[in-house]
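Structure first, then comments.
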Amino acid sequence: METIDSKQNINRESLLEERRKKLAKWKQKKAQFDAQKENQTSRNNIVTNSLGAQRTADKFTERQEQVKEKLRKRKNEFGKPDERMSVKPSKKKSKRNKVREKISFDFSDDDDAKIGHAFRSKEHLQKVAEHDDEKDPLDEFMTSLKEGEVSTIKSTYDRGDILDVEDQLVALEGADDENVEDNTDSSNIAKIAKLKAKKRVKQIYYSPEELEPFQKNFYIESETISSMTEVEVEELRLSLDNIKIKGTGCPKPVTKWSQLGLSTDTMILITEKLRFGSLTPIQSQALPAIMSGRDVIGISKTGSGKTISYLLPLLRQVKAQRPLSKHETGPMGLVLAPTRELALQIHEEVTKFTGADASIRSVCCTGGSEMKKQITELKRGAEIVVATPGRFIDLLTLNDGKLLSTKRITFVIMDEADRLFDLGFEPQITQIMKTVRPDKQCVLFSATFPNKLRSFAVRVLQSPISITINSKGLVNENVKQKFKICHSEDEKFDNLLQLIHGRSEFVDEVQTEVDGESSDVEEVDAKAIIFVSSQQICDFISKKLLNAGIATCTIHAGKPYQERLMNLEKFKREKNSILLCTEVLSRGLNVPEVSVVIIYNAVKTFAQYVHTTGRTARGSRSGTAITLLLHDELSGAYILSKSMRDDELKASDPLQVKELHEMSGKFEFGMKKGKFRLSQGFGGKGLENIKSKREEAQNTDLELEKGDKKSDELEKKNNNLRAEHDNEPESSALIPKLKYELFKEPTTDGTLIFYAKVHINDLPQIVRWEATKNTTLLFIKHETGCSITNKGKFYPEGKEPKNETDEPKLYLLIEGQDEKDIQLSIELLEQKVKEGVIKAASLSLKSTKY
Ligand code: ADP
Ligand code: MG
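Note that the numbering used here has the sequence shown beginning at 1, numbered continuously upward.
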């Protein structure tokens, strides 16, 4: 015992001697520092004058005070220094110093560039305190900091780098690094630079063999979803607050929780405990997209249910992974959020979904006072970390990255990404991303999508799908939507007459002002368009209106092209004119003076509604769209109730609104029961494309005709259009090109008649079936006004008609008065065939799979 004691005494003596020397050296350095500080104060004061800087300075001072207080408390707790030193074996020192050298935020061992006060371990600070008999050097130093140095520090710091002294102390504590040397920094700038360096995370390069495989894709499309055609999907997206997709290969939106393959527990939680009836639009689209393993950008307004959109796929992926081993801390999933409150909220949501499941532990890591607790929890292992970026970097850099490894991270979520950027977290996130394996799944959610966020997303996400929910609604904001429910055709027609007579009321005020200024009010052009659903109704209403003394310009596909053109010109030219037309004209028509659109037959699809209402309020003008709805037109009511804005409903007759909601409710109920569905319309993107390009081509045609030139260019455009259409990936493999011949013949009265023979005999059976289906033919007839008939007979492979008298091989005869109508018919036929084939193919794929 004696020997040990005396040995310890000698040790103690030499250690104390060493420390005294170091302290003297430190004091000397500090004196130098103080002198330097004097010089800098005047410069710094300039910076301190700004309000923001003052706040940061105050914050910093407050922090220093807290640290001081904490250190004082610790001083009391720790007992005498020699007691402490005697317990610590000296050989540990060299080992620890080694560790320090490895720590990524370590400072150089060079005497002139040693660590400053704020970063010393508590033991060290205490030692300094106890070896100075008169003054507490820490107090002294802190006082000096308060007076002058602060402004230098804060003025050089980025927001995300604001020094969290307390955290630093705990961090050092965590690193168990006792022997921080007694050195002061000669310059503040160097100190700050080092602080910054401290926060730098090392980029990690993963070799392929290091990357443990993991599953990203869990989504199996349900049969109901698979059987939806492109047009139906488009329609569904429109009905779900106008979901807009960018990027390739986005799965179709889902409409029920049961279509996501969720576990029974999760299903019970969502449908029974939380009572979430249906999915919100962002959930409908983002859930299948993320669950299929894609990187996703989800933009949707606040409160639209974004959290669950990423949480369910996250939990699923984490659960499917190899569990954390004893030596792994995790996490597998990292959620980055801009603020403490938000991170906590997300963490709570995670725990709501994990419930009693001990295999998914979530830790919330945000700046503030809880770091010690966070460290303890992380050491136990956490599958999910919800963190603010600054704190996550703190944790990553702790103990040379030994506390927390990014190696198992396979899923990164940035929530409220716009705020993350506003708060200047981009550098931190970029650093974090450098440490995560490149094949991770990464999603970003935000309420807005500013440009700088866009360019960041491009850098960080891999071929992402971007999903935007247009919360502003489908219909152009400048279109005022109205409706009137009528209980008979007569009542509807009376309403139409009233609207026509009073159409000048709808004229845009701007137009009234502008036009009215130069001349009298009569000069105001109150144009109106009436949309009806078929050629027959068009002709019928035209006659009825004429009987009532109202002349209209009538256009539908059944009229010759020249007549259509003439009528359109007349409508444009004459003031207060009325255009009566079918839905064929609902796209692309641009007549700025149209102040009111009257939808006489309720539209059947959202797409149709958007396009029809869009014929008014062109450019910066405003306009009105009024639907005259029969009381049994339920789908129309559904579309209206979903499209009309709250203020528009408020401005309507409450009884009518009530009836509209009832009708809409009936339709929705029917849809759920599978009794109703929104009909397919002229809604597909492909079709829209074809139509708008065709319109473009037609316009060119018109100009060419005027200039008396040949229409090669139109031909070229049509060919390009075809080529473009053919490029659609899924179609090329399955659908053979339709072969056809185009003819024109003069009739007895000198006009031309056009017809086409579409050869379908040798096409695959399924294509033949699709092409000759009654619904296909009726649809095309309706849309183009051409007649289509099956001709000839079917000859199986190897058989041919032997002579002239034999019936020809099966073909479709399309007849019309205009070449363009024939071409449109063929395009529509191809589109219909394609949709049918894809649908049939996916069904047969399913039936062989199960
Ligand atoms: P966001 O992140 O888009 O602002 P949240 O994810 O925080 O929105 O969700 C807002 C609220 O809506 C939460 O209270 C959440 O529980 C609730 N919620 C989420 N999804 C649904 C749903 N499908 N049906 C009903 N309520 C939902
Ligand atoms: Mg949110």
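Glycine is no exception: its CB is placed at the ideal position from the N, C-alpha and C atoms.
Return the chain-ordered list of same chain residues with a C-beta closer than 7 Å to the C-beta of L649, the five sequence neighbours on each side being excluded. V657
Pair within 9 Å by beta-carbon distance, D241 and L579: no
Exposure of N567, with buried meaning 16 or more beta-carbon neighbours within 10 Å: buried
Give me the DSSP bridge partner(s) of Q481. A625
What are the boundary residues of the alpha helix (DSSP H) that L236 is part of? 230-239
Excluding five sequence neighbours on each side, which residues of the same chain lie with their C-beta closer than 6 Å to the C-beta of T410? F214, M332, K440
Could you tell me if E13 is buried or exposed, where buried requires 16 or more neighbouring beta carbons within 10 angstroms of its beta carbon? exposed
Does any heavy atom of the ligand NAP sit closer than 8 Å to the C-beta of T307? Looking at this structure, you won't find the ligand NAP anywhere; what it does contain is the ligand ADP and the ligand MG.
Does DSSP classify G368 as helix, strand or coil? coil
Considering only DSSP beta bridges, list what L444 is partnered with. I297, M414
Run through the stretch 336-367 for me and flag every whole alpha helix (DSSP H) of 4 or more residues, listed as ranges in chain order. 340-354
Comparing the CB of T255 with every heavy atom of the ligand ADP, is any distance shorter than 8 Å? no
Between K773 and G674, is the Cβ-Cβ spacing less than 9 Å? no
Flag K280 as yes when its Cβ comes closer than 8 Å to any non-hydrogen atom of the ligand MG, and as no otherwise. Contrary to the premise, residue 280 reads as Thr rather than Lys in this sequence. Incorrect: T280 has no Cβ contact closer than 8 Å to the ligand MG.
Tell me whether K559 is buried or exposed, calling it buried when 16 or more other Cβ atoms sit within 10 Å of its Cβ. buried
N601 classed as buried or exposed, judged by whether at least 16 other C-beta atoms fall within 10 angstroms: buried
Rounded to whole angstroms, how far is the Cβ of T616 from the Cβ of V584, which I believe are closer than 8 Å? Incorrect: roughly 17 Å between the Cβ atoms, too far for contact.
Using three-state DSSP, classify Y755 as helix, strand or coil. strand
Between the stretch 406-420 and the stretch 336-346, do three or more beta carbon pairs fall short of 8 Å? yes
Of the choices G636, K744, N790, E819, whose alpha-carbon is the least far from that of F676? G636
Just the Cα atoms here: how many angstroms apart are A320 and M414? 21 Å
CA-CA distance, E862 and I346? The structure shown does not extend to residue 862, since the chain spans only 1 to 850, so no value can be given for it.
Just to confirm my understanding: we take I639, look at its own chain, exclude 5 residues before and 5 after, and list those with CB closer than 7 Å. What are they? V603, F606, Y609
Please report how far the alpha carbon of K25 lies from the alpha carbon of L398, in whole angstroms. 29 Å
Helix, strand or coil, according to DSSP, for N790 in the structure here? strand
Please classify S405: does DSSP put it in a helix, a strand, or coil? coil
So if DSSP puts L334 in a beta bridge, which residue, or which two residues, is it bridged to? V385, V412
So F506 packs on I599, CB below 8 Å; how close in whole Å? Their Cβ separation, rounded to whole angstroms, is 14 Å, which puts F506 and I599 out of contact at 8 Å.
Using 9 Å as the threshold, is the C-beta distance between Y755 and I826 below it? no
With distance defined between alpha-carbon atoms, name the residue in A771, Q462, Q817 nearest to K744. Q817
Check whether the Cβ atoms of L312 and F276 lie closer than 9 Å to each other. no
Closer than 8 Å to a non-hydrogen atom of the ligand ADP - does that hold for the CB of S304? yes
Quick check on the DSSP output: the alpha helix (DSSP H) that includes T612 runs from which residue to which? 606-613
Decide if D749 is buried, meaning its Cβ has at least 16 other Cβ atoms within 10 Å, or exposed. exposed
Going by the C-beta, is D415 closer than 8 Å to any heavy atom of the ligand MG? yes
If you drop the 5 nearest sequence neighbours on each side, which residues of the same chain put their C-beta closer than 6 Å to that of L314? G333, F411
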